[in-house]
Amino acid sequence: MRSVPKLVESMSASTTSTPTIAARPRPGPPTASRSRGMSMPSSLASGARPVVGRTTDPGPSADPARGDGAAVVHRSADPGDAALCWDGCVRVEDGDAGGARPVAPGSPGRWRAAARSLPQVWRIEDRRNDLFSAVTTFVLGWVLLEVGLVGLVRAPFVVEPAEPWWRVALLGVGCLLILVKRAHPILALLGGVAVMVVDLRWGGSLAVTLVLWDLLYAAALWSGPRARAWLWGVAVTVAVGGSVAAGEAARDVREFVYMGLQLGAVLLVPMWWATNVRTKSELAELAGERADLAAREAEAAARTADLERQRASDLERIAELDRHEAVRAERAAMARDLHDVIASHLSTIAIHSGAALALPPDAAKDRAALEQVRTSAVASLDEMRSMILLLRSEGRRDDGAGAALDAVAAPGRLAGLDALLAAARATTTVVLEDPDGVATGPLPAAADQALFRIAQEAVTNAVKHAPGSPVTVRLSRDGATVALEVRDDGAPGAAPPVDGPLSAGTGLLTMRERADGLGGTFAAGPTAAGGWVVRASVPVAARPSERESA
Numbered sequence: 001m002r003s004v005p006k007l008v009e010s011m012s013a014s015t016t017s018t019p020t021i022a023a024r025p026r027p028g029p030p031t032a033s034r035s036r037g038m039s040m041p042s043s044l045a046s047g048a049r050p051v052v053g054r055t056t057d058p059g060p061s062a063d064p065a066r067g068d069g070a071a072v073v074h075r076s077a078d079p080g081d082a083a084l085c086w087d088g089c090v091r092v093e094d095g096d097a098g099g100a101r102p103v104a105p106g107s108p109g110r111w112r113a114a115a116r117s118l119p120q121v122w123r124i125e126d127r128r129n130d131l132f133s134a135v136t137t138f139v140l141g142w143v144l145l146e147v148g149l150v151g152l153v154r155a156p157f158v159v160e161p162a163e164p165w166w167r168v169a170l171l172g173v174g175c176l177l178i179l180v181k182r183a184h185p186i187l188a189l190l191g192g193v194a195v196m197v198v199d200l201r202w203g204g205s206l207a208v209t210l211v212l213w214d215l216l217y218a219a220a221l222w223s224g225p226r227a228r229a230w231l232w233g234v235a236v237t238v239a240v241g242g243s244v245a246a247g248e249a250a251r252d253v254r255e256f257v258y259m260g261l262q263l264g265a266v267l268l269v270p271m272w273w274a275t276n277v278r279t280k281s282e283l284a285e286l287a288g289e290r291a292d293l294a295a296r297e298a299e300a301a302a303r304t305a306d307l308e309r310q311r312a313s314d315l316e317r318i319a320e321l322d323r324h325e326a327v328r329a330e331r332a333a334m335a336r337d338l339h340d341v342i343a344s345h346l347s348t349i350a351i352h353s354g355a356a357l358a359l360p361p362d363a364a365k366d367r368a369a370l371e372q373v374r375t376s377a378v379a380s381l382d383e384m385r386s387m388i389l390l391l392r393s394e395g396r397r398d399d400g401a402g403a404a405l406d407a408v409a410a411p412g413r414l415a416g417l418d419a420l421l422a423a424a425r426a427t428t429t430v431v432l433e434d435p436d437g438v439a440t441g442p443l444p445a446a447a448d449q450a451l452f453r454i455a456q457e458a459v460t461n462a463v464k465h466a467p468g469s470p471v472t473v474r475l476s477r478d479g480a481t482v483a484l485e486v487r488d489d490g491a492p493g494a495a496p497p498v499d500g501p502l503s504a505g506t507g508l509l510t511m512r513e514r515a516d517g518l519g520g521t522f523a524a525g526p527t528a529a530g531g532w533v534v535r536a537s538v539p540v541a542a543r544p545s546e547r548e549s550a
């Protein structure tokens, strides 16, 4: 490609009309589309200033405006913050202050402006290349005509032109067609064929043959696929048909070969050359697209790897949270069991020992208190042993040790509620109301254990916080729900006042957690008479008789 000249003609300041020019396709991959035309906006047409272009960057010290009012612009690969004039030159937009807005080197706006200007610069360069090609062909053809390379065809239809300069005029028409070969390659080729027919009528010349050769090359390079297919078909048909006709006319195989070589050189060689150039351009474009695709795939793979790493990190954090949650849940369950089992027995021991110490010495009562203390201590040890065995066991075993472990670690059930209440009756009056036979009836293991632990904690709290106050434990069943109520009236009874043991304050929390864990309800609070009531209900399966009646 030829370089852009040093100076570009300035645009007249008195321009009033809006010209329209045809945009030529830029050189490069032949598959690039060609713009139909471009119009100058009216804002540029009115009051336009002269523009002078340069091929080198004068540097940051150059004045943005010249003394003659022309804005200095750059026509290098780094055009700066520029826009395109209607004739394709690069023009700096002048602000109100009369200077060009500076753009930082390497900024996105600077490169976008350069990218926008390149197609127009390429089109201008294409037009200049075509003009140079047309002028060169005309000069070379004129020399060939002056040398006398005419009359290449000997046939009856050949006539001599009236004037010798007619051949020069015909050559000029062909060179004018070269100027439009990029925008309209097929139309230019048809015009070239017409010029060639006239030239053959005058005996033919090498100058017009060069014009046809150039137009054939342009048509094969820049036309569409369908036009190229037709072009190849016509060219091969003409070459073969002309060779056969020449051979038949001369009745000589050598004439057939000579004519075939000539027509092949004139018609097929430029098309083959253009096809080769086009193929290389398409392969280069395809290689670029593949490189872009590979880059995008690599970028996508990198993003996928990042996402996978992030996903693995998220899964690791989720697993860590699950482990923490499992540990927290296990600790909460252990805390409930320790509170309901061990703390209950220890509270009983503290209550009985405190009552014995508060009363006057009495051998019989002291012995009964010691027996109750021992019973609670042994029960506490058994419960502690069962919990230790459960925590140390690695799984269920089918041997005798496993059966013994199950027997020792068996949780409390409502069937043992009488034994629990019997221990409490040593210090206060405890009444059990079970009209529906809930304590002796079948219940789900989880509900049975939860109700027993809630009753155990509620009775222990009543004995601890209201010593001597009568306690009522009531069990009832309504369909698929079992309700438990533990009530005391808060009034001190026959037991002497003692200092209550310290409490961790988690009894209500553990009872609520057990009820909520089964989807039940829990409520606790003072009564109007000054006592305390605990109510809990848990869902259970309905009895078979109730299911049949339903």
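The numbering of the sequence shown is the UniProt record's numbering, which starts it at 1 and goes up by one. Glycine included, each C-beta is placed from N, C-alpha and C at the ideal position. If you're wondering where the values come from, they're calculated on a predicted model, not measured in any experiment.
Quick one: what's residue i bridged to in DSSP?
i: ALA524; result: VAL534
i: LEU370; result: Paired residues: none, contrary to the question.
i: ASP478; result: THR481
i: LEU432; result: VAL473
i: SER205; result: VAL150
i: ARG487; result: THR472 and VAL533
i: PRO539; result: THR481
Using 8 Å as the threshold, is the C-beta distance between residue i and residue j below it?
i: GLU255; j: ALA246; result: yes
i: LEU170; j: LEU215; result: no
i: ALA529; j: LEU484; result: no
i: VAL473; j: LEU432; result: yes
i: LEU451; j: LEU414; result: yes
i: ASP448; j: SER469; result: no
i: SER380; j: LEU346; result: yes
i: LEU263; j: SER243; result: yes
i: SER386; j: ALA369; result: no
i: VAL538; j: ALA515; result: yes
i: VAL180; j: LEU145; result: no
i: VAL471; j: ALA523; result: no
i: PRO467; j: ILE351; result: yes
i: PHE132; j: GLY172; result: no
i: ASP366; j: ALA356; result: yes
i: VAL486; j: ALA458; result: yes
Rounded to a whole number of angstroms, what is the C-alpha to C-alpha distance between residue i and residue j?
i: ASP199; j: SER205; result: 7 Å
i: ASN461; j: ASP306; result: 58 Å
i: ALA134; j: ILE186; result: 17 Å
i: GLY531; j: ARG323; result: 43 Å
i: GLY519; j: ALA319; result: 27 Å
i: ALA326; j: VAL534; result: 30 Å
i: ARG311; j: ALA284; result: 40 Å
i: ALA536; j: GLY525; result: 12 Å
i: VAL208; j: PHE157; result: 18 Å
i: LEU315; j: ARG303; result: 18 Å
i: TRP232; j: ALA300; result: 43 Å
i: VAL211; j: ARG228; result: 19 Å
i: ALA335; j: ASP418; result: 25 Å
i: LEU443; j: ARG328; result: 29 Å
i: GLY517; j: LEU293; result: 57 Å
i: ARG226; j: PRO270; result: 18 Å
i: ALA183; j: GLU308; result: 52 Å
i: ALA235; j: TYR258; result: 17 Å
i: LEU359; j: GLU513; result: 38 Å
i: residue 558; j: GLU163; result: Outside the shown range of the chain, which is 1 to 550, sits residue 558, and nothing can be said about it.
i: ARG251; j: GLY260; result: 15 Å
i: MET1; j: ASN129; result: Per-residue confidence for MET1 stands at a pLDDT of 37, beneath the threshold of 50, marking its modelled position as unreliable; no derived number is given.
i: ASP478; j: VAL438; result: 11 Å
i: ARG127; j: ALA249; result: 44 Å
i: SER476; j: PRO435; result: 7 Å
i: GLY141; j: ARG123; result: 27 Å
i: LEU389; j: GLU383; result: 10 Å
i: TRP230; j: ALA218; result: 15 Å
i: TRP202; j: ARG278; result: 35 Å
i: ALA143; j: VAL253; result: Contrary to the premise, residue 143 reads as Val rather than Ala in this sequence. Using only the alpha carbons, I get a separation of about 34 Å.
i: GLU160; j: LEU268; result: 29 Å
i: THR510; j: GLY441; result: 25 Å
The stretch 192–204 contacting the stretch 232–243, beta-carbon criterion three pairs below 8 Å: Taking one beta carbon from each stretch, the stretch 192–204 and the stretch 232–243 have fewer than 3 pairs nearer than 8 Å; the two do not touch.
The stretch 207–226 touching the stretch 257–276, judged by at least three CB pairs closer than 8 Å: Result yes; three or more Cβ-Cβ pairs closer than 8 Å.
Every unbroken beta strand (DSSP E) within the stretch 311–349, with a cutoff of 3 residues, ordered by chain: The qualifying runs do not exist here; there are none.
Validate contact between the stretch 460–480 and the stretch 427–445 using beta carbons, cut 8 Å, 3 pairs: Yes, they touch.
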